[in-house]
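In my numbering, the protein residues as written are 289 to 760.
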């Protein structure tokens with residue numbers, strides 16, 4: 289009887305691996321390099337959310353603008369329907385084919401026009417100081433005329449109040465794009481800054497002052513990012529009783545609590561979060577004397593996110609018991625239904641900082657329940673949402689040269705048509721609007737005074753609202 293010896297398993301495995309190694313060694317090195325390059329390209333393409341290939345295959349045909357509005361909206365019929373830019377297509381700069389490339393290019397390069405502002409200091413009734421920058425009637429070179437010189441000119445020239453985003457000011461690239469092209473049309477522009485996402489008293493003070501001193505001039509407001517949140521909250525609080533003819537909100541976060549969760553969700557958002565926190569730290573250093581007295585300065589210095597800064601500074605100065613309370617109470621989404629001023633809201637669906645989950649779609653269009661065959665008309669007829677697939681955060685660069693921001697052109701055209709056809713007229717009402725109450729904000733998380741008003745609307749007079757020449 290023959291006997292067979294089974295091969296040693298260990299030796300057999302070694303032989304297999306050795307043969308595999310010899311086969312792999314026959315593959316040229318350049319093929320490995322090509323494979324690694326493809327893997328790296330695929331990773332970066334997805335990480336940076338590039339859309340170059342999609343643009344290429346579509347022949348760089350651009351993207352249509354999606355408009356969301358109440359079907360019986362007079363604002364749409366009288367104003368937006370006459371805006372060619374909003375009914376056209378947005379053609380992103382081909383080499384800025386990513387929301388991150390758009391956003392980073394805006395912040396590090398920007399290509400803003402060159403001009404100088406005229407600074408004016410304004411004292412509020414509670415003793416605070418607001419610094420605002422004026423730009424008026426720019427010529428082709430961008431030279432600004434002195435604001436006192438304009439006062440003796442045509443008092444009917446419209447004024448656009450600009451509320452910048454977090455860590456931004458009048459020197460920020462996107463603000464300069466907006467200010468220059470708005471002033472170039474012959475309008476006057478004034479820019480001020482506020483770091484608290486829910487503090488609307490400064491906006492109210494600025495608008496009321498301008499309405500009193502420039503009574504013949506229509507007033508418009510453009511808010512960007514956190515400034516857009518302040519804008520919508522202000523419009524919702526005052527309702528009909530507001531001397532604002534119209535407004536534009538660009539890249540609003542809408543829901544600050546959702547926005548905070550979004551900024552902690554993915555690695556790339558966490559990078560933006562840290563960058564914004566460092567910017568807020570720089571802002572805090574400019575006002576160290578105030579924050580060291582009224583907030584947790586040691587915590588501010590160690591902040592690694594916007595939430596950290598808000599926890600150690602904003603909520604303490606604003607007298608909120610928790611950051612979540614501050615975010616809930618100051619989210620502009622609570623005030624959307626009370627807005628009585630014509631309002632255009634512009635957002636990019638690939639915004640890397642403000643999540644689209646927070647956009648109040650239902651408040652701007654009809655809601656249909658097919659199960660019970662009911663149509664709910666919850667939409668605010670004064671608001672039109674304009675969204676595009678790409679654009680990043682406050683960028684929307686267009687043309688090969690990347691010297692123009694699409695949203696600036698869209699906002700200016702909207703304000704032009706609005707000025708000519710459908711401006712809001714102030715109607716006196718007895719009190720400010722309040723957001724709907726929610727059980728999630730009940731004690732101990734709510735700060736309510738005896739008269740029932742939110743403490744957010746009653747900061748003490750030592751609130752620091754002094755602007756500086758540069759806020760990073």
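Heads up, the beta-carbon is just placed ideally off N, CA and C, and yes, glycines get one too.
These figures come from a predicted structure and were not determined experimentally.
TODO: Return helix, strand or coil for residue 462, following the three-state DSSP convention.
DONE: As a position in the chain shown, residue 462 is number 174, starting the count at 1. Reduced to three states, the DSSP call for residue 462 is helix.
Task: Cβ pair residue 690, residue 399 closer than 8 Å - done: As a working note, residue 690 is residue 402 in the chain shown. As a working note, residue 399 is residue 111 in the chain shown. It is a contact, given that the beta carbons lie within the stated cut-off.
Task: residue 521 classed as buried or exposed, judged by whether at least 16 other C-beta atoms fall within 10 angstroms - done: Here residue 521 refers to the residue found at position 233 of the chain shown. Buried, by the Cβ-count rule.
- [ ] Mind the definition here: the segment 543-557 touches the segment 611-626 only if three or more C-beta pairs lie below 8 Å; say whether that holds.
- [x] yes
Open item on the list: Closest to residue 529 by C-alpha separation, out of 549, 499, 608, would be which residue?
Closed with: Position 241 of the chain shown holds residue 529. Here the closest residue by C-alpha is 499.
Open item on the list: At the level of alpha carbons, what is the spacing between residue 403 and residue 459?
Closed with: Translated into positions along the chain shown, residue 403 becomes position 115. Translated into positions along the chain shown, residue 459 becomes position 171. Rounded to whole angstroms, residue 403 to residue 459 spans 10 Å at the Cα level.
- [ ] Assign residue 362 to one of two classes, buried (16 or more other C-beta atoms within 10 Å of its C-beta) or exposed (fewer than that).
- [x] For the purposes of this step, residue 362 is identified with residue 74 of the chain shown, where counting begins at 1. By the 10 Å Cβ count, residue 362 comes out exposed.
Open item on the list: To test your reading of the DSSP string, which unbroken alpha helix (DSSP H) runs of 4 or more residues are found completely within the segment 372-401?
Closed with: 387-396
Open item on the list: Please tell me whether residue 565 and residue 597 are closer than 8 Å, where the distance is taken between their beta carbons.
Closed with: Translated into positions along the chain shown, residue 565 becomes position 277. Translated into positions along the chain shown, residue 597 becomes position 309. Closer than 8 Å, so yes.
Open item on the list: If you measure between the beta carbons of residue 388 and residue 680, is that distance less than 8 Å?
Closed with: If you number the chain shown from 1, residue 388 lands on position 100. If you number the chain shown from 1, residue 680 lands on position 392. Result yes, Cβ atoms of residue 388 and residue 680 sit closer than 8 Å.
TODO: Would you give the residue range spanned by the alpha helix (DSSP H) that residue 569 belongs to?
DONE: Stepping through the chain shown from its first residue, residue 569 is reached at position 281. That run of the alpha helix (DSSP H) goes 555-574.
TODO: Measure from the alpha carbon of residue 423 to the alpha carbon of each residue in 465, 411, 393, then state which is nearest.
DONE: Translated into positions along the chain shown, residue 423 becomes position 135. Considering only 465, 411, 393, the residue with the shortest C-alpha distance to residue 423 is 465.
- [ ] List the whole-angstrom C-beta distance separating residue 674 from residue 632, where the pair is believed to meet the contact cut-off of C-beta under 8 Å.
- [x] Counted from its first residue, the chain shown places residue 674 at position 386. Counted from its first residue, the chain shown places residue 632 at position 344. At roughly 6 Å, the Cβ-Cβ gap stays under 8 Å, so residue 674 and residue 632 are in contact.
- [ ] Assign residue 454 to buried or exposed, taking buried as 16 or more other Cβ atoms, counted over all protein chains shown, within 10 Å of its Cβ.
- [x] Within the chain shown, numbered from 1, the residue matching residue 454 stands at position 166. When all chains shown are included, residue 454 counts as buried.
Task: Three-state secondary structure (DSSP) of residue 497 - done: By one-based count along the chain shown, residue 497 stands at place 209. Reduced to three states, the DSSP call for residue 497 is helix.
Open item on the list: Distance check for residue 408 and residue 421, CA to CA, integer angstroms please.
Closed with: Start at 1 with the first residue of the chain shown, and residue 421 comes out as number 133. Start at 1 with the first residue of the chain shown, and residue 408 comes out as number 120. If you take the alpha carbons of residue 421 and residue 408, they lie about 6 Å apart.
- [ ] May I ask you to report which of helix, strand or coil DSSP gives residue 789?
- [x] Beyond the ends of the chain as shown, which are 289 and 760, falls residue 789; an answer cannot be given.
Task: Straight-line Cα distance separating residue 463 from residue 335 - done: Looking up residue 335 in the chain shown gives position 47. Looking up residue 463 in the chain shown gives position 175. So the two alpha carbons sit approximately 28 Å from each other.
TODO: With DSSP collapsed to three states, give me the class of residue 593.
DONE: For the purposes of this step, residue 593 is taken as the residue at position 305 of the chain shown. Looking at residue 593 - three-state DSSP - the assignment turns out to be coil, as it is neither helix nor strand.
Task: Close beta carbons around residue 446, own chain, < 8 Å, minus the five adjacent residues each side - done: Numbered from 1 along the chain shown, position 158 holds the residue referred to as residue 446. Same-chain partners within the cutoff: 475, 476, 505, 506, 507, 508, 533, 703, 707.
TODO: Tell whether a beta-carbon distance below 8 Å holds between residue 488 and residue 514.
DONE: In the chain shown, the residue the question calls residue 488 occupies position 200. In the chain shown, the residue the question calls residue 514 occupies position 226. Not in contact: residue 488 and residue 514 (Cβ atoms no closer than 8 Å).
TODO: Provide the residue(s) that pair with residue 631 in DSSP beta bridges, ordered along the chain.
DONE: As a position in the chain shown, residue 631 is number 343, starting the count at 1. Answer is 535, 671, bridged to residue 631.
- [ ] Kindly list the residues whose CB is nearer than 6 Å to the CB of residue 669, restricted to its own chain and excluding five residues on each side of it in sequence; keep chain order.
- [x] Here residue 669 refers to the residue found at position 381 when the chain shown is read from its first residue. Closer than 6 Å at the Cβ level, and outside the excluded window around residue 669, lie 358, 361.
- [ ] Consult DSSP for residue 650 and reduce its assignment to one of helix, strand or coil.
- [x] Reading the chain shown from its first residue, position 362 is the one you call residue 650. Helix at residue 650.
- [ ] Tell me whether residue 586 sits in a helix, a strand or coil according to DSSP, three-state version.
- [x] Locating residue 586 in the chain shown gives position 298, where the first residue counts as 1. It is helical.
Open item on the list: Within the continuous alpha helix (DSSP H) that includes residue 330, where are the two ends?
Closed with: Taking the chain shown and counting its residues from 1, the one referred to as residue 330 is at position 42. For residue 330, the enclosing alpha helix (DSSP H) has its first and last residue at 317-335.
Open item on the list: Contact defined as beta carbons within less than 8 Å: I believe residue 391 pairs with residue 688. What is the distance between those atoms, to the nearest angstrom?
Closed with: Here residue 391 corresponds to residue number 103 of the chain shown, with the count starting at 1. Here residue 688 corresponds to residue number 400 of the chain shown, with the count starting at 1. Your pair residue 391 and residue 688 does not check out as a contact, with CB atoms roughly 19 Å apart and the cut at 8 Å.
Task: Helix, strand or coil at residue 355 [DSSP, three-state] - done: Locating residue 355 in the chain shown gives position 67, counting from the first residue. Residue 355 sits in a strand when the DSSP states are folded into three classes.
- [ ] Counting only the same chain and skipping the five closest in sequence on each side, list residues whose C-beta sits under 7 Å from that of residue 479.
- [x] Translated into the one-based positions of the chain shown, residue 479 becomes position 191. Result list for residue 479: 420, 421, 450, 452, 458, 463, 467, in chain order.
Open item on the list: For a test of the three-state rule: what should DSSP assign to residue 609, helix, strand or coil?
Closed with: In the chain shown, residue 609 corresponds to position 321, counting from 1. In this structure, residue 609 counts as coil in the three-state DSSP scheme.
- [ ] Look up residue 487 in the DSSP assignment and say whether it is helix, strand or coil.
- [x] Numbered from 1 along the chain shown, position 199 holds the residue referred to as residue 487. Coil.
TODO: Kindly indicate which three-state DSSP category residue 450 falls into: helix, strand or coil?
DONE: Mapped onto the chain shown, residue 450 falls at position 162. Strand at residue 450.
Task: Minimum C-alpha distance to residue 693 - residue among 548, 401, 313 - done: Here residue 693 refers to the residue found at position 405 when the chain shown is read from its first residue. Among 548, 401, 313, the Cα nearest to that of residue 693 is on 401.
Open item on the list: Less than 8 Å between the C-beta atoms of residue 604 and residue 583, yes or no?
Closed with: Here residue 604 refers to the residue found at position 316 of the chain shown. Here residue 583 refers to the residue found at position 295 of the chain shown. For residue 604 and residue 583, yes; Cβs fall inside 8 Å.
TODO: Quickly, what does DSSP pair residue 636 with across the bridge? List them, please.
DONE: What you label residue 636 is simply residue 348 of the chain shown in a count that begins at 1. Paired residues: 676.
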